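Below is one structure, written out as structure tokens, with a few remarks after it.
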Amino acid sequence: MSVPLLDVRDLRVEFPTRRGTLVAVDGVTFSIAPGEVLGVVGESGAGKSLTGMAIIGLLEPPGRIAAGEIRLEGERIDHLPPERMRRIRGRRIGAVFQDPLTSLNPLYTIGDQLVETILTHLDLGRAGARRRAIELLGEVGIPAPEARVQHYPHQFSGGMRQRVVIALALAAEPRLVIADEPTTALDVSIQAQIITLLKRLAREHGAAVMLITHDMGVIAETADRVAVMYAGRIAEVGSVREVIHVPRHPYTAGLMGSIPRISAGAGKRRGRLVQIEGSMPRLNEIPGGCAFHPRCPRRFERCLAERPEPQRLAAGEVACWLYADGRD
Amino acid sequence: MGAIDQPLLRLVAVGRDFDVSRPWLNRVLEGAPRQLLRAVDETSFEVKRGETLALVGESGCGKSTVARLIVGLYAPSRGGIEFDGLELTDPARAAEAQRARRRMQMIFQDPYASLNPRWRVRDIVAEPIRTLGLAATRDDALSRVGELLRQVGLAREDGEKFPHEFSGGQRQRISIARALSGNPEFLVCDEPTSALDVSVQAQILNLMTELQQRLGLTYLFISHNLAVVSHVADRVGVMYLGRLVELAEADEIFARPRHPYTRMLLDAVPDLDMTGRGRTPVAGEVPNPLAPPAGCAFHPRCPHADARCTAERPLLASAGRAMVACHAVAERRIAL
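Heads up: the sequence lines are chains A and B, in that order. To convert a position in the first sequence, counted from 1, into my numbering, add 174. To convert a position in the second sequence, counted from 1, into my numbering, add 27.
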């Protein structure tokens, strides 16, 4: 593999509270190559969004990076002074969040917002920035960009707004795009359009995309590799095809089984969905050993006592004692 | 009690408008017109005893308004709603209608907003029992609550706790226990799992299927998620901009979708099995319901639209084993 564009090593995010320190992200390690889409999937509370926020340096205090390294094109970017991080954000890292309405300022036209972003990061004059803004809107599939550039966010529909947010994230041609649930607030028919857009971004601009979502379907269609998170740790990483067709970790297997699918012979005669008993532990109740063991149908003594480190397999990495010593 | 082969619920040409006009003063000063939003229009369907009818559609298609019309949270602007042979909208029979509505309950989308945070779970679940006078004594009510909590997979002792002590999935179980405590026959479930994580969603869907079999319940299941619907529904109705565009048995609608909008929705479902099918990109978005397109509301996005579609609104008519509102299907312009 070529030099990774983003390299995260042993990242640990903590929240100090009066009742002790909560560890929300615990020893997370992964990397993304240029032109690659890495899906980060997990249920609420898995730590996937906090991992993204830690990378772009927008952790809400008292949350903080307690250990680990984050490298962007080889350069350490954790613990940079806020002013330097602000320059990296927007210029080299673009961010797309779930709710497009809160990412846009309602008082300015989208043209003004795009032009401001472009002027902040690129060496262009005002006229050039405006031309670039219109070009970007066209690129993300907004019809009649010359007219739309003068409109305010409320004049756009949900799907169009998310395109504007993506255009904003791309304004300075960042090397890394972090998209946190970019399609979750959108209807299915619009989702497909946004997914196509994200994919093109990686293919055509060689950007690295970190796609954070709870929706395996979106991952299946967009990502090259996927990291499955559970209780602040990565349970499994591998190529999308491997993880979806041959999930190794019992959590991934349960997760895949619990997703309803449309296939021949619809209707409830098809019987029960696979279910994982219980739910994700709260941060102050993460069990010892493997965090998944209380819900795991395949647990044994070792899982209760010892925490599994990621095991390297031919297909990827799995943090599960079933695969100790590289057994597969 | 009506005859057994008679549908439990029947909607006849139901419509509901919302007045979204500017305030009176603005209308007078600026001459702004009165503006009505047709959330639901000309919607007719039946729900048979013991079945699950699912209504699917994108946001703003009117599916939740239909749910609220049925349980009486909104009054219809037009049309009739019949429950077990009784016309609920008939003012002369209001008292009977109120009694009939006790036989239905609703489960809401957000289990964080639908449970009173200041009440203990046992009081939340017991409220319908008390209000409807279903238990002679307080002890009877409490033992019934314990039984209901067990039925939805919680423990009797959980009744002493407050809602915040539970996860989203457990809260939705509490909502289900509360809905069941009034001994309803008919449950209206408005996106009951869309606020939940997938592994928890599977638990709730399995629970709802089990309860239906055990208690002989009838469900109206509202969802935007076609995959979820394909697991629970006997029949499926697809809504677009306030109207039903297709209604058929679940097997039929997933195997042979007829309406171009139904096909588009099915196409847009992510391909989890990675068959490489690739999504057909869909042009455009749901139009503004304040200014719906003339003719068929779907025509601006429809690949099969012609002059007739832009002028004349198609009615729901039978096409093979389905009911479809589409000129192109009726004229056999679409190959099935």
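Ideal Cβ placement from N, Cα and C applies to all residues, glycine included. Predicted, not measured: the structure shown is a model, and the values here were computed from it.
Exercise for review: Kindly confirm or deny that the stretch 224–236 of chain B and the stretch 191–207 of chain B touch, where touching means at least three C-beta pairs closer than 8 Å.
Suggested key: yes
**Study point:** Which of helix, strand or coil DSSP assigns to residue 125/B
**Key:** helix
Check your understanding: Listed in chain order, which residues of the stretch 344–364 of chain A have Cβ atoms closer than 8 Å to some Cβ of chain B?
Key -> 361, 362, 363 and 364
Point to revise | residue 175/B to residue 244/B span [Cα, whole Å] | key: 15 Å
Review point. Got a sec: is the Cβ-Cβ distance from residue 119/A to anything in chain B below 9 Å?
Key: What the structure shows of chain A is the stretch from 175 to 502, and residue 119/A is not part of that stretch, so it cannot be assessed.
Practice item. Taking only the alpha-carbon atoms, compute the straight-line gap between residue 224/A and residue 295/A and give it to the nearest angstrom. Key: 26 Å
Review point. Of all the CB atoms in chain B, is at least one closer than 9 Å to the CB of residue 423/A?
Key: False, the Cβ-Cβ gap to chain B never drops below 9 Å.
Review point. With respect to the alpha helix (DSSP H) encompassing residue 288/B, which residues constitute its N-terminal and C-terminal limits?
Key: 287–295
Practice item. Might you give, ordered along the chain, the residues of its own chain that have their beta carbon closer than 7 Å to the beta carbon of residue 277/A, omitting 5 neighbours on each side? Key: Here the set comprises 271 and 339.
Check your understanding: Would you say residue 255/B faces chain E, with C-beta separation under 9 Å as the test?
Key -> This model lacks chain E altogether, as its protein chains are A and B.
Review point. In angstroms, rounded to a whole number, what distance separates the CA positions of residue 450/A and residue 429/A?
Key: The alpha-carbon of residue 450/A is positioned some 8 Å away from that of residue 429/A.
Practice item. Would you list, in chain order, the members of the stretch 424–436 of chain A that have their beta-carbon closer than 7 Å to a beta-carbon of chain B? Key: 428, 429, 432, 433, 434, 435 and 436
Review point. What does residue 224/B reach in chain A if we use C-beta pairs closer than 8 Å?
Key: 217, 218, 388, 453 and 454
Practice item. Determine, using beta carbons only, whether residue 446/A comes closer than 9 Å to chain B. Key: yes
Check your understanding: So residue 275/A packs on residue 349/A, CB below 8 Å; how close in whole Å?
Key -> So it is not a contact: roughly 27 Å between Cβ atoms.
Check your understanding: In chain B, which residues lie with their C-beta within 8 Å of the C-beta of residue 392/A?
Key -> 297
Exercise for review: Confirm, please, whether the CB-CB distance from residue 423/A to residue 477/A is below 9 Å.
Suggested key: no
Point to revise | For residue 282/A, the three-state DSSP class (helix, strand or coil) | key: coil
**Study point:** Element boundaries [alpha helix (DSSP H), containing residue 166/B]
**Key:** 165–178
Practice item. Would you mind telling me which residues of chain A sit closer than 7 Å to residue 291/B, beta carbon to beta carbon, in chain order? Key: 363
Check your understanding: DSSP state of residue 314/A, grouped into three classes?
Key -> coil
**Study point:** Paired residues, beta bridge with residue 213/B - DSSP
**Key:** 131/B and 245/B
Point to revise | 8 Å Cβ cut-off: residues of chain B touching residue 505/A | key: Residue 505/A cannot be examined here, being either before or after the span of chain A that is shown, 175 to 502.
Review point. Three or more C-beta pairs closer than 8 Å, one from the stretch 264–271 of chain B and one from the stretch 84–92 of chain B: is that the case here?
Key: yes
Point to revise | Contacts that residue 218/B makes with chain A (C-beta to C-beta distance below 8 Å) | key: Contact annotation for residue 218/B against chain A: no contact, minimum CB-CB distance about 13 Å [criterion: below 8 Å].
Review point. Along chain B, which residues have their Cβ under 7 Å away from the Cβ of residue 333/A?
Key: 312
Review point. Considering residue 412/A, what are the terminal residues of the beta strand (DSSP E) in which it resides?
Key: 407–413 is the extent of the beta strand (DSSP E) around residue 412/A.
Check your understanding: Around the C-beta of residue 274/B, are 16 or more other C-beta atoms found within 10 angstroms, so that it is buried, or is it exposed?
Key -> buried
**Study point:** Contact set between residue 86/B and chain A, taken where Cβ atoms lie within less than 7 Å
**Key:** 361
Practice item. Please list the residues of the stretch 174–204 of chain B that have a C-beta atom closer than 7 Å to any C-beta atom in chain A, keeping them in chain order. Key: If the cut-off is 7 Å between Cβ atoms, the stretch 174–204 of chain B has 194 and 196 near chain A.
Point to revise | Members of the stretch 65–78 of chain B that neighbour chain A once the beta carbon cut-off is set at 9 Å | key: none
**Study point:** Cutoff 6 Å; reference residue 350/B; Cβ partners in own chain excluding five residues on either side
**Key:** 274 and 343
**Study point:** Exposure of residue 47/B, with buried meaning 16 or more beta-carbon neighbours within 10 Å
**Key:** exposed
Review point. Quick one: what's got a C-beta closer than 7 Å to residue 288/A's C-beta in the same chain, skipping five residues either side?
Key: 307, 310, 341, 342 and 345
Exercise for review: Mind the definition here: the stretch 260–269 of chain A touches the stretch 220–235 of chain A only if three or more C-beta pairs lie below 8 Å; say whether that holds.
Suggested key: yes
Exercise for review: Whole angstroms is fine: what's the gap from residue 186/A's alpha carbon to residue 251/A's?
Suggested key: Using only the alpha carbons, I get a separation of about 15 Å.
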